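Residues in the sequence shown are numbered from 857 upward in steps of one, following the working numbering.
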Amino acid sequence: MKLISSGFVKQPSNPSTNSKTFGCITVLPSGRWLCGYKASPLKSDEVNQYALCTYSDDEGQTWSDPFEPFSIRFFEERPVVVRTVYFTSLGDSHVLAVCNIVDAQHPEKPYFRPVHEGLKDTRILAAISQDNGISYSHPFLIPTRGIDAPTPLTGAPFWYLDQLHIPFEVNKPYEAAGEWIHRSCFVTLQISDQSVSDPVCLTGVSGIFYWDQRFTVMDHNLLDYFWTYDARLKSYRNVHGLMMKDNQISDLFDCGFPG
């Protein structure tokens, strides 16, 4: 691999979006680069945070003004904020966007509660664009049946064996006591009728957090790898991974390098 150029996503100066995190760029069939990110004045700001989108039609030389693909302030009669947004091409001019919404009933409280290691209620919504990511349908909920806990996204939806999968992890409810068993999962979404499969849980080990999963598709194989944190020793191990082939999941293995 040879690096031929580099740059950054140029955005207007705005104090309310000084902090930009969870960035992700998707290249559409039209050649458009679609970039989503979480923006706020400070990374820790629990009130003034937004999921923003910008796009480039000249391979990153210039970028559009940012806008909100999910402008949601309430969900099921509760105030929420939109925390992240990721995109995946559905072919032609169609785009799938997924986001996390977070309960905003108590903005004075942090997203992560260190004393119990819990997160505020976090859910997944999705919407579809038919115009290369400019406008979106009304968002719909991505259910995670059997999981009554926060479900932060861990990246963009991905195609594997002609099916569309949405990756996420299972965290601990905000007020819950007891041990946190971290799990990395995905669900499969059928675009035609917006139906969603039951979650597939890939990890769930006492005392070990396999988090921030990243998927790589290689022909008929799927590699999933993780930052690996030993909660008992309070230190990181080497990056670990697993393989999927013909819907069979391998054991976890040590990738041999730190992360």
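A virtual CB, placed ideally from N, CA and C, is assigned to each residue, including glycine.
For clarity, every value in this text was computed on a predicted model and none was experimentally measured.
Excluding its 5 nearest sequence neighbours in each direction, residue 899 has C-beta neighbours in its own chain below 7 angstroms: 875, 877, listed in chain order. With a contact defined as Cβ atoms closer than 8 angstroms, residue 1041 and residue 1056 qualify at about 6 angstroms. Where residue 1094 is concerned, the enclosing beta strand (DSSP E) starts and stops at 1094-1101. Going by C-alpha positions, residue 868 is about 7 angstroms away from residue 921. Contact between residue 983 and residue 926 holds: CB atoms are separated by about 7 angstroms, below the 8 angstroms threshold. If you compare the alpha carbons of 941, 1039, 917, 1100 with that of residue 864, the shortest gap goes to 917. Around the beta carbon of residue 993, a 10 Å sphere encloses fewer than 16 other beta carbons of the protein chains shown; the residue is thus reported as exposed. DSSP, read as helix, strand or coil, puts residue 872 in helix.
Taking all protein chains shown into account, residue 894 has 16 or more neighbouring C-beta atoms within 10 Å of its C-beta and is therefore buried. Restricting attention to 883, 1005, 1089, 976, the CA atom closest to the CA of residue 950 is found in 883.
About 11 angstroms separates the beta carbons of residue 937 and residue 961, which is beyond the 8 angstroms limit, so they are not a contact pair. In this structure, residue 1014 sits near residue 944, with a CB-CB distance shorter than 8 angstroms. It is roughly 41 angstroms from the alpha-carbon of residue 858 to the alpha-carbon of residue 973. Scanning its chain for C-beta atoms nearer than 6 angstroms, with the 5 sequence neighbours on each side dropped, one finds around residue 1044 the residues 1019, 1021, 1053, in chain order. Here the C-alpha atom of residue 1002 lies approximately 34 angstroms from the C-alpha atom of residue 923.
Around the beta carbon of residue 1074, fewer than 16 other beta carbons lie within 10 angstroms, which makes this residue exposed.
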